Amino acid sequence: MILDLLATAALVATLAALPRLVVGPTAADRILAAQLSGTGTVATLLLLGAASGAPALFDVALVFAALSAIAGLAFVALWRRDP
Amino acid sequence: MSTAFDILVALGGLACAGIALVAGNRIGSVAAFVIMGFFVALAWVRLGAPDVALAEAAIGAGLTGALLLRSANRLGPVREAGVPIAVHGIAACLSLALAGGIVWAFATGTAEAVYPSLVAARVGESGVSNPVTAVLLNFRAWDTLLEVAVLVVALLLVSGLAPVRIAPAPPSELVLPFLRIVVPVAVLLAGHLLWKGATAPGGAFQAAALLTGGGLALALCGLLGAGRRTGHVLVLAGLGGLALFLAAALGAAILTGGLLDYPAGSAKVWIIAIESALTLSIAAMLVSLFLGPSEGVRDDR
Amino acid sequence: MTLALDLAGIALAAAGVAFLLLAALGVWRLPDTLCRLHALTKADTAGLALVAAGTTCLLPSAGGALSLVLCVVLVAISGATIGHLIGRAHQE
């Protein structure tokens with residue numbers, strides 16, 4: 000019950016990145032919002048996994064954690080001019 | 000309580016989709032699309048489909064974002080006065096018709112699920128205990144073979160179109176500690192998911208996506224794919240998986256008389272062998288799809 | 000003993016979620032990119048580590064703890080590296 004509540008709170012943190020996605024103003028801000036959402040999703044999955052006792056969710060969280068840097072890395076490596 | 004969570008997940012996904020469509024800024028759209036993938040994965044988790052959530056996490060979180068950012072970089076900023084209003088209208092009508100059709104199908108169709116009981120009855124014969132792997136690699140292995148063939152066709156098409164190959168420079172020396180930890184862990188995790196796929200959520204596609212993530216991390220830091228030889232090796236590895244799958248199909252046909260009908264008792268060995276080859280080849284194909292063909296290497300800046 | 004462990008787990012997880020919410024608030028409200036980056040990296044390291052520590056206390060067996068430790072290490076190092084790279088790209 001309390002874990003459900005915490006998972007919902009972590010989801011709210013994931014959602015709270017969306018306004019920054021809209022207002023920007025720079026491309027770096029938008030990638031930063033995606034990064035925060037990724038961390039929030041990993042936390043949400045950990046809490047959901049603990050609440051439901053399903054270890055498969057920890058695997059999903061691990062996959063997210065392992066790949067969380069790829070989008071940011073692609074942004075830094077490929078994007079050389081600010082739009 | 001959980002209802003609030005589910006509603007938030009659904010609203011978050013819809014909000015991201017909306018932002019991705021109207022952002023008017025390519026990086027914003029890509030970032031919104033990546034975040035939508037997070038919510039979609041959470042939705043699959045809540046729907047009790049961790050296999051699909053794993054695939055969405057692996058493909059959506061890392062690879063699609065990197066691929067779209069690569070394209071966004073090639074296309075440059077959005078030009079004003081893009082799509083005419085009529086196109087918007089047609090798209091809206093089509094979307095509404097599709098949404099209406101889905102609602103109608105759910106409202107009138109029978110809720111009876113046909114496949115779970117059929118799969119559960121025969122899963123013991125498949126050699127694995129995870130029903131998803133049993134369907135993908137045994138009962139409907141033909142579908143999987145054709146899906147791998149589709150990837151090969153995509154790779155051939157990209158080679159034919161010959162986009163400019165990317166050759167990023169290392170962004171900073173501080174990426175080296177990051178690579179030294181994340182790439183080996185990604186390889187280990189891929190092996191873990193591949194092996195676990197027989198009994199629990201996991202499997203070849205998810206493992207391949209993780210390996211691809213490691214490969215993309217190396218490529219984006221300028222440590223993979225600089226030379227022409229890497230490209231050839233990747234394409235050969237990609238074709239090798241399909242060749243091995245076809246050889247397994249023919250071998251099984253000779254041994255048992257049915258195409259992809261594995262000999263009784265040794266089904267698990269066949270499945271693990273095919274999945275291992277597929278993992279390597281799908282990862283090689285995805286990485287070379289991202290890098291572009293091996294011809295015409297030049298600096299993309 | 001179990002009750003104490005459960006309570007500690009919930010407290011740690013709640014502290015981690017509080018870090019995440021504060022980071023989200025920071026990313027939303029702080030005035031410029033570098034400030035927002037500063038808020039974000041706290042969520043990647045402290046926030047997730049606390050959530051994972053709390054979750055570990057609540058696990059029925061210690062076997063699943065390895066996944067959680069790996070999660071924390073991966074996100075922390077990814078967050079630190081990407082934070083550094085974005086900050087540098089922004090400065091240039």
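Here the protein sequences line up with chains A, B and C, keeping their order. Numbering that gives the first Met the number 0 puts the first sequence at residues 0 to 82. Numbering that gives the first Met the number 0 puts the second sequence at residues 0 to 300. Numbering that gives the first Met the number 0 puts the third sequence at residues 0 to 91. Beta carbons: idealized from backbone N, C-alpha and C, even for Gly. Quick caveat, the model's predicted, so the values are computed rather than measured.
- At a beta-carbon threshold of 7 Å, none of the residues of chain A lie near R179 (chain B); the nearest stands roughly 13 Å away.
- Beta-carbon to beta-carbon, A218 (chain B) and V286 (chain B) are separated by about 7 Å, close enough to satisfy the 8 Å threshold.
- Rounded to whole angstroms, the separation of the alpha carbons of S77 (chain C) and L4 (chain A) is 27 Å.
- Taking 4 residues as the shortest admissible run, the segment 219–273 of chain B contains the following complete alpha helix (DSSP H) segments, listed from N- to C-terminal end: 227–255.
- By the criterion of a C-beta distance shorter than 6 Å, L192 (chain B) is surrounded in its chain by G201, Q205, A206, once the five residues flanking it on both sides are discounted.
- If you compare the alpha carbons of B:T107, B:V134, B:G59 with that of A120 (chain B), the shortest gap goes to B:V134.
- In the DSSP assignment, N72 (chain B) falls within the alpha helix (DSSP H) that extends over 64–74.
- Burial is judged here by how many other beta carbons sit within 10 angstroms of a residue's own beta carbon; P83 (chain B) has fewer than 16 and is exposed.
- Residue-level contact check: P200 (chain B) does not touch chain C, since none of the beta carbons of chain C fall below 8 Å from its beta carbon.
- Chain C has a Cβ within less than 8 Å of the Cβ of S67 (chain A).
- Residue burial is scored here from C-beta neighbours: I18 (chain B) has at least 16 other C-beta atoms within 10 angstroms and is therefore classed as buried.
- As the crow flies, the alpha-carbon of E172 (chain B) is around 13 Å from that of L72 (chain A).
- Look at D31 (chain C) here: in three-state DSSP terms it is coil, with no helix or strand label.
- Between L154 (chain B) and L288 (chain B), the beta carbon gap of about 6 Å places them in contact (Cβ cut-off 8 Å).
- Counted as a single uninterrupted DSSP element, the stretch harbouring I58 (chain B) is not any alpha helix (DSSP H), since DSSP gives it neither H nor E.
- Rounded to whole angstroms, R87 (chain C) and T211 (chain B) show a C-alpha spacing of 26 Å.
- When secondary structure is reduced to three states using DSSP, L173 (chain B) falls in the coil class, being assigned neither helix nor strand.
- A Cβ-Cβ contact shorter than 8 Å links A208 (chain B) with L62 (chain B).
- Contiguous alpha helix (DSSP H) elements confined to the segment 4–49 of chain C occur at 32–41, taking only those with 4 or more residues.
- In the structure shown, the three-state DSSP call for V75 (chain A) is helix.
- Distance from the CA atom of G88 (chain B) to the CA atom of F32 (chain B), rounded to whole angstroms, is 22 Å.
- In this structure, the CA atom of A79 (chain C) is about 16 Å from the CA atom of C220 (chain B).
- Within its own chain, the residues whose Cβ lies closer than 6 Å to the Cβ of V41 (chain A), once the five positions on either side in sequence are excluded, are A60, F63, A64, listed in chain order.
- Fewer than three Cβ pairs drawn from the segment 177–193 of chain B and the segment 25–43 of chain A lie within less than 8 Å of each other, which leaves the two stretches out of contact.
- Here the alpha carbon of T143 (chain B) sits roughly 17 Å from the alpha carbon of I58 (chain B).
- Listed along chain A, the residues sitting closer than 7 Å to A88 (chain C) by beta-carbon distance are A27, V75.
- One finds nothing in chain C with a Cβ atom closer than 7 Å to the Cβ of P183 (chain B); even the nearest lies about 11 Å away.
- Here the alpha carbons of L73 (chain C) and G53 (chain C) stand approximately 18 Å from one another.
- Only residues of its own chain outside the window of five on either side were considered, and among them none has a CB closer than 7 Å to the CB of M0 (chain A).
- With contact defined as three or more Cβ pairs closer than 8 Å, the segment 233–240 of chain B and the segment 10–20 of chain C are not in contact.
- Around the beta carbon of W269 (chain B), 16 or more other beta carbons lie within 10 angstroms, which makes this residue buried.
- For the pair A71 (chain B) and I34 (chain B), the CB atoms are not nearer than the 8 Å cut-off.
- The alpha-carbon separation between I101 (chain B) and L93 (chain B) amounts to approximately 12 Å.
- Within chain C, the residues whose beta carbon sits less than 7 Å from that of V41 (chain A) are L47, C70, V74, listed in sequence order.
- By the beta-carbon neighbour count (other beta carbons within 10 angstroms, threshold 16), E55 (chain B) is buried.
- In this structure, the beta-carbon distance from L10 (chain A) to V8 (chain B) falls below 8 Å.
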